[in-house]
Amino acid sequence: MSKILLMKFLALIIIPFGLTKAQTAILTTGTTATGASGSTTYSVGQVAYSQKGADQEVMEGVQQAYEITTLEVDNESIMEKKILLYPNPVRDFLNVDFGKENFHNSNYVLFDSQGKLIRSGNLLQQKTELNMTELPSSVYIIQIFQDRKNIKTFKIIKK
550 MSKILLMKFL ALIIIPFGLT KAQTAILTTG TTATGASGST TYSVGQVAYS
600 QKGADQEVME GVQQAYEITT LEVDNESIME KKILLYPNPV RDFLNVDFGK
650 ENFHNSNYVL FDSQGKLIRS GNLLQQKTEL NMTELPSSVY IIQIFQDRKN
700 IKTFKIIKK
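Residue numbers (the working numbering): 550 to 708.
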């Protein structure tokens with residue numbers, strides 16, 4: 550009886566050590582950041598996963614983190630909207646021209662190159678002039694919305 554108990558005990562101790570799993574990382578950089586409220590350690594690199602058995606080892610390659618982002622897409626193709634902005638580069642007035650497109654419930658939002666909101670407003674006509682004279686020379690992003698949906702985004706250069 551004691552011999553059977555000894556064998557079971559040894560089996561419980563030896564078997565888990567024969568079946569190990571491990572992660573290793575090929576690091577490019579990393580450090581410990583310390584502040585007033587505590588510290589954290591980080592590393593940047595690739596993680597490799599391996600599984601070892603009594604007489605075998607399985608390397609499952611390099612595991613790479615990924616992120617899946619789903620964007621909302623309407624059935625109506627927003628890329629076909631024929632909205633013109635001119636002149637670009639602009640000095641004084643920027644024309645937003647919907648041509649034959651529907652302009653009802655349209656508005657614009659103007660951002661600087663750092664993403665700061667400069668101004669926004671409604672587009673009340675088929676062709677609207679936006680006064681750009683008071684803005685300094687820079688690159689701007691203008692988004693055109695219709696029914697609260699972004700239908701076009703343009704990069705504008707102000708001289």
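Glycine included, every Cβ here is placed at the ideal spot set by N, Cα and C.
Please read these numbers as outputs of a predicted model, since none were measured by experiment.
- Between residue 658 and residue 679, the beta carbon gap of about 12 Å keeps them out of contact (Cβ cut-off 8 Å).
- Short of 7 Å from the beta carbon of residue 704, and not among the five residues preceding or following it, lie these beta carbons of its own chain, in chain order: 688 and 690.
- A straight-line Cα-Cα distance of about 51 Å links residue 664 and residue 601.
- Just so you know, the alpha carbons of residue 642 and residue 587 end up roughly 53 Å apart.
- DSSP links residue 640 through a beta bridge to no other residue.
- Taking the CA atoms as reference points, residue 651 sits about 17 Å from residue 702.
- Excluding sequence positions up to five before and after residue 638, its CB lies within less than 6 Å of the CB of 706 and 708, all in the same chain and listed in chain order.
- Cβ-Cβ distances below 8 Å link residue 684 to 667 and 707 in the same chain, with the five nearest sequence neighbours on each side left out; the list follows chain order.
- Here residue 656 really is in contact with residue 672; their C-beta atoms are around 6 Å apart, less than 8 Å.
- In the DSSP assignment, residue 670 is bridged to 657.
- Distance from the CA of residue 632 to the CA of residue 590, rounded to the nearest whole angstrom, comes to 50 Å.
- Looking at 653, 681, 686 and 674, the one whose alpha-carbon comes closest to that of residue 696 is 653.
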